[in-house]
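Notes for the one structure printed next.
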Amino acid sequence: MLRGYLNFVQGVSVNWCGRLGVILTTSSFVCVVFFELARLLGIITSSFVGLVSYMLFPALFILGLLLIPIGWWKLKKQTGKSSRELIETKFKREYVTPSFGGARLFRTTSILIIVSIVFLSIVSTRMLAFMDTAEFCGNACHSVMNPEWVTYQQSPHSRVACVECHVGEGAMALLDSKVNGTWQMISVTFDLLERPIPTPVHQLRPARETCEKCHWPDKFYGQRLKTIARYGHDSASTQLFTTLSLKVDIGATHKRSGIHWHIAEENDVRYASVDDEREKIIWVEVRQPDGRYHRYTSTDGAAVGKDASSVRTVDCVDCHNRATHIYELPDRALDERIHKGILDRSLPFLKREALQAVSVSYTSRKTAMKGIANHMNGFYQRYYPDLARSKAMILDSVVTVLQGIYNRNIHPEMNIEWGSYSSHIGHVGDGGCFRCHNSTMVDEDGNAVSSDCTLCHSMLSNSNVDPFQYLQPVDTSSLDYQMHLYLQKEFMKSSGTPVM
Ligand code: HEC
Ligand code: HEC
Ligand code: HEC
Ligand code: HEC
Ligand code: HEC
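Per numbering that gives the first Met the number 0, the sequence shown starts with residue 0, numbered consecutively.
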């Protein structure tokens, strides 16, 4: 077999073209086999190997395959001989004499063709699988996808492949994604991409094909306790808690009871928004048990009279638009790190100064890294020189954490600033839930979509040192006694706890 191959190689290495062809095919084949073996044995774990083994080497292999016949054709033109004559001069006689099952040359060539076909089909299926991995999506066009990749890796979905949410199921979805992907490659190559990449993503697959494969709506029930710690701008960065019991329930058929009511099987909530941006809602309507729709129309100036022709049915992404690419707001990013103990608030005015350091609009990543370090070191050296010396290590780690916060959320190369991608969960300003749940969204009778503070969450504490302020016994002499009693009873009732 090996002798046959060597003879074949000798025979086709007729000029530089043929020789280069042989070298390329042989070496790329050997390299792929070697890399695959190393990968299977666990010697190589880097996912970048995929780029080389399934893309670069196969491309070289195909180039080599093309060069061999080109070399042969050039030789024919040069010498003016026929193929038959050339074969007889280039190959040993025993290889071309006909025998049982064809000449040996014929058999060797056939085997090599079959090996090439099998090799290329294995490699191309491996390549398709590789293109579906998060590493490929996140790294192949590194500069543009970096923000998505960074936020993804730190999200609850860091073990879910990009394609699970971005491609969905079925042949059409796959085709769609390949066409889209090709367009993306072109946009990246010729720098046609908008920066930042515009949101919402209109061509995202319906949530039923993606999110609901893993989270099926029936599984939402009960409430979810969420304690949010916030830190003040005073010297001690005082800790205050807001505790919500989020009513994430989906509710029983037509009987309403919670946040996931919008997406229950039997419900249909749809809306139109200004420029189809899903920010300013023009109207929202809810299907009634009799099949008719009950509509609430915005009386807000920014929405009145706008084109309401694109209608969208509420699904997961209308609230969870930042399910994975989660960008933080500076204030909240700091609070979370302090709460986790990653930032040490024993440094005076830590919260206030850190917020100032990260909020500046720096011109580049490099100036940001320097600017953050200079701000923090400068402040403590100037006002607390002793501390700056005795707690130098802590100060260094604070600077590193702040630089990390900046790197996760700000991406100057893609024009991503604080707040470029806002989340629809909650209600910062009049966004999120308050896009529909507000007093200007009214039906024919003038009833508004509810924005009652306990519609979506019970409140167990509101900016208080005690995370369960309203669960404590009611002090009838206190000023907020009425509210305390109301919130306590509301929580007991909504969570099904027997009222004491
Ligand atoms: C859990 C599901 C999920 C996963 C996993 C996921 N994404 Fe997304 N991605 C989304 C959703 C939802 C949006 C749409 C946000 C919108 O429309 O506002 C989005 C938006 C995007 C955008 C547009 C920019 C933006 O932030 O809105 C890009 C680019 C993107 N994703 C790339 C990726 C890459 C690359 C990966 C893998 C590293 C990935 N996504 C993994 C759900 C996901
Ligand atoms: C391939 C499975 C899969 C898909 C598809 C998927 N998720 Fe998830 N999701 C998970 C897993 C696993 C977790 C993490 C659970 C944990 O950390 O306890 C999660 C967590 C979440 C959480 C809770 C996050 C938190 O803070 O606890 C939300 C919200 C969520 N997913 C929404 C979505 C949305 C919206 C989509 C579609 C755009 C989606 N998921 C698609 C598997 C998936
Ligand atoms: C696109 C508009 C829209 C958005 C955005 C929206 N809602 Fe709603 N929501 C509605 C409508 C409409 C109703 C039903 C009003 C009615 O007919 O009583 C409703 C009802 C509810 C209910 C009551 C369900 C019940 O069982 O009675 C809750 C709870 C709720 N929404 C929570 C939320 C939360 C939390 C958010 C943000 C994460 C949110 N909604 C975002 C339109 C919206
Ligand atoms: C009307 C807005 C809205 C819609 C639509 C919506 N969610 Fe949610 N979801 C929320 C809110 C608000 C929370 C609580 C947020 C928190 O915990 O911080 C939540 C919580 C969750 C959680 C965590 C729940 C738990 O029990 O810990 C998951 C998972 C989730 N949603 C997935 C989904 C999926 C999947 C869909 C689509 C089928 C969906 N959501 C549709 C608003 C919504
Ligand atoms: C339509 C549903 C809805 C209504 C109505 C609503 N909230 Fe909320 N609220 C939410 C959701 C969802 C969150 C986000 C929880 C999270 O961070 O995951 C939230 C968060 C909060 C927070 C914590 C914010 C933070 O991160 O510090 C406070 C405080 C709050 N709400 C107060 C109120 C008050 C006061 C009202 C009445 C004016 C109100 N809410 C009405 C859904 C609602």
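All C-beta atoms in this analysis are idealised placements derived from N, C-alpha and C, irrespective of residue type, glycine included.
Assign residue 168 to one of three DSSP states: helix, strand, or coil.
Position 169 of the sequence shown, counting from 1, holds the residue named residue 168. Residue state, collapsed to three classes: coil.
Nearest by alpha-carbon distance to residue 89: which of 97, 7, 143 and 77 is it?
Against the sequence shown, residue 89 aligns to sequence position 90. Here the closest residue by C-alpha is 7.
For residue 186, collect the residues of the same chain with a Cβ closer than 6 angstroms to its Cβ; drop the 5 residues on either side in sequence, then sort them by chain order.
Sequence index remark: in the sequence shown, residue 186 carries index 187 (1-based). These residues qualify, in order along the chain: 192.
Using the rule of at least 16 other Cβ atoms within 10 Å of the residue's Cβ for burial, across every protein chain shown, is residue 215 buried or exposed?
Here residue 215 refers to the residue found at position 216 of the sequence shown. By the 10 Å Cβ count, residue 215 comes out exposed.
Residue 326 and residue 371 look like a contact to me (Cβ under 8 angstroms); what is the Cβ gap, rounded to whole Å?
On the sequence shown, position 327 is the one that residue 326 refers to. On the sequence shown, position 372 is the one that residue 371 refers to. Cβ-Cβ separation between residue 326 and residue 371: approximately 18 angstroms, too far for a contact (criterion under 8 angstroms).
Would you call the segment 269 to 276 in contact with the segment 306 to 325, where contact means no fewer than 3 C-beta pairs closer than 8 angstroms?
A contact between stretches requires three or more CB pairs, one per stretch, nearer than 8 angstroms, and the segment 269 to 276 meets this requirement with the segment 306 to 325.
My assumption, with CB atoms under 8 angstroms, is that residue 246 sits in contact with residue 456. Please give the rounded CB distance.
To locate residue 246, count along the sequence shown from 1; it is residue 247. To locate residue 456, count along the sequence shown from 1; it is residue 457. Between residue 456 and residue 246 the Cβ distance is about 6 angstroms, and since that is below 8 angstroms, they are a contact.
Which of helix, strand or coil does DSSP assign to residue 143?
Counting from 1 along the sequence shown, the entry for residue 143 is found at position 144. Note: residue 143 maps to helix in three-state DSSP.
Could you check how far apart the C-beta atoms of residue 336 and residue 400 are, in whole angstroms? I think they sit under 8 angstroms.
Counting from one through the sequence shown, the residue named residue 336 turns up at place 337. Counting from one through the sequence shown, the residue named residue 400 turns up at place 401. With a Cβ gap of about 6 angstroms, residue 336 and residue 400 count as contacting.
Residue environment, residue 24, which counts as buried when at least 16 other CB atoms sit within 10 Å
Sequence index remark: in the sequence shown, residue 24 carries index 25 (1-based). When all chains shown are included, residue 24 counts as buried.
Our contact map puts residue 56 next to residue 16 with C-beta atoms below 8 angstroms; I'd like the distance itself, whole angstroms only.
Along the sequence shown, read from residue 1 onward, the residue named residue 56 stands at position 57. Along the sequence shown, read from residue 1 onward, the residue named residue 16 stands at position 17. Between residue 16 and residue 56 the Cβ distance is about 20 angstroms, and since that is not below 8 angstroms, they are no contact.
How would you call residue 266, buried or exposed, if buried means at least 16 neighbouring beta carbons within 10 angstroms?
For the purposes of this step, residue 266 is taken as residue 267 along the sequence shown, with counting starting at 1. Buried, since its Cβ has 16 or more Cβ neighbours within 10 Å.
Below 8 angstroms on the Cβ atoms is my guess for residue 63 versus residue 20; work out the distance and round it to an integer in Å.
As a working note, residue 63 is residue 64 in the sequence shown. As a working note, residue 20 is residue 21 in the sequence shown. The Cβ separation is near 5 angstroms, so the contact holds.
Throw me the rounded Cβ distance for the residue 394 and residue 376 pair, which I believe falls under 8 angstroms.
Counting from one through the sequence shown, the residue named residue 394 turns up at place 395. Counting from one through the sequence shown, the residue named residue 376 turns up at place 377. Residue 394 to residue 376, Cβ: 7 angstroms. Contact.
If contact is defined by three or more beta carbon pairs under 8 angstroms, each pair taking one atom from either stretch, is the segment 447 to 465 in contact with the segment 351 to 364?
No, the segment 351 to 364 does not touch the segment 447 to 465.
What distance in whole Å lies between the Cβ atoms of residue 263 and residue 249, which are believed to be in contact at a cut-off of 8 angstroms?
In the sequence shown, counting from the first residue as 1, residue 249 sits at position 250. In the sequence shown, counting from the first residue as 1, residue 263 sits at position 264. Between residue 249 and residue 263 a beta carbon distance of about 5 angstroms is seen, short of the 8 angstroms cut, so the two are scored as contacting.
Taking 7 angstroms as the cut-off, is the CB of residue 454 close to at least one heavy atom of ligand 6?
Inclusion of ligand 6 in the displayed structure is not the case, the ligand content consisting of ligand 1, ligand 2, ligand 3, ligand 4 and ligand 5 alone.
Contacting residues, own chain, Cβ-Cβ under 6 angstroms from residue 128 (five flanking each side not counted):
Against the sequence shown, residue 128 aligns to sequence position 129. Correct list: empty, nothing qualifies.
Ligand 2 and residue 205: does the residue's C-beta get closer than 7 angstroms to at least one heavy atom of that ligand?
Position 206 of the sequence shown holds residue 205. Residue 205: no, Cβ never under 7 angstroms from ligand 2.
My assumption, with CB atoms under 8 angstroms, is that residue 346 sits in contact with residue 390. Please give the rounded CB distance.
Stepping through the sequence shown from its first residue, residue 346 is reached at position 347. Stepping through the sequence shown from its first residue, residue 390 is reached at position 391. Contact holds; Cβ gap of about 7 angstroms.
Taking three-plus beta-carbon pairs below 8 angstroms as touching, is the segment 226 to 233 in contact with the segment 328 to 335?
Touching, yes, given that three or more Cβ pairs across the two stretches are closer than 8 angstroms.
With a floor of 3 residues, list each beta strand (DSSP E) that falls wholly inside the segment 306 to 383, ordered by position along the chain.
Taken in chain order, the whole beta strand (DSSP E) runs of length 3 or more contained in the segment 306 to 383 are 310 to 312.
Cα separation between residue 435 and residue 150?
Here residue 435 is taken as the residue at index 436 of the sequence shown, counted from 1. Here residue 150 is taken as the residue at index 151 of the sequence shown, counted from 1. Between residue 435 and residue 150, the C-alpha separation is close to 28 angstroms.
Let me know the beta strand (DSSP E) ranges lying completely inside the segment 206 to 277, each 3 residues or longer, listed in chain order.
The segment 206 to 277 contains, as complete beta strand (DSSP E) runs of 3+ residues, the segments 223 to 230, 238 to 245 and 268 to 272 (chain order).
With a threshold of 7 angstroms (Cβ to nearest heavy atom), would residue 240 be considered close to ligand 4?
The sequence position of residue 240 within the sequence shown is 241, counting from 1. No; taking the cut-off as 7 angstroms, the Cβ of residue 240 has no heavy atom of ligand 4 nearer than that.
Measure the Cβ-Cβ separation of residue 484 and residue 418 and say whether it is below 8 angstroms.
By one-based count along the sequence shown, residue 484 stands at place 485. By one-based count along the sequence shown, residue 418 stands at place 419. If you check the CB distance, residue 484 and residue 418 do not come in under 8 angstroms.
Name the one or two DSSP bridge partners that residue 283 has.
In the sequence shown, counting from the first residue as 1, residue 283 sits at position 284. Residue pairing by DSSP places residue 283 opposite 270 and 295 in a beta bridge.
Report buried or exposed for residue 356, applying the criterion of at least 16 other Cβ atoms within 10 angstroms of its Cβ.
Numbered from its first residue, the sequence shown carries residue 356 at position 357. Counting Cβ neighbours within 10 Å, residue 356 comes out buried, since at least 16 surround it.
Cβ-Cβ separation, residue 85 to residue 74 (assumed contact under 8 angstroms), whole Å:
For this step, residue 74 is matched to residue 75 along the sequence shown. For this step, residue 85 is matched to residue 86 along the sequence shown. Yes, they are in contact, since the Cβ atoms of residue 74 and residue 85 sit about 7 angstroms apart, within 8 angstroms.
Straight-line Cα distance separating residue 122 from residue 342
To locate residue 342, count along the sequence shown from 1; it is residue 343. To locate residue 122, count along the sequence shown from 1; it is residue 123. If you take the alpha carbons of residue 342 and residue 122, they lie about 48 angstroms apart.
Residue 482 classed as buried or exposed, judged by whether at least 16 other C-beta atoms fall within 10 angstroms
Here residue 482 refers to the residue found at position 483 of the sequence shown. Burial call: exposed.
For residue 489, which three-state DSSP category applies?
Translated into the one-based positions of the sequence shown, residue 489 becomes position 490. Three-state DSSP puts residue 489 in a helix.
Does the beta-carbon of residue 485, which I'm using as the reference point, lie nearer than 7 angstroms to any heavy atom of ligand 3?
Sequence index remark: in the sequence shown, residue 485 carries index 486 (1-based). Exclusion of residue 485 from the 7 angstroms shell around ligand 3 follows from its C-beta lying no nearer than that to any non-hydrogen atom of the ligand.
Compute the minimum distance between the beta carbon of residue 43 and the heavy atoms of ligand 1, and state whether it is under 7 angstroms.
Against the sequence shown, residue 43 aligns to sequence position 44. No - ligand 1 has no heavy atom lying nearer than 7 angstroms to the Cβ of residue 43.
Indicate, with yes or no, if ligand 4 has a heavy atom lying under 7 angstroms from the CB of residue 210.
The sequence position of residue 210 within the sequence shown is 211, counting from 1. Yes, the beta carbon of residue 210 sits closer than 7 angstroms to at least one heavy atom of ligand 4.
In whole angstroms, what is the alpha-carbon distance linking residue 3 and residue 28?
Walking along the sequence shown from the start, residue 3 turns up at place 4. Walking along the sequence shown from the start, residue 28 turns up at place 29. Cα to Cα, residue 3 sits roughly 18 angstroms from residue 28.
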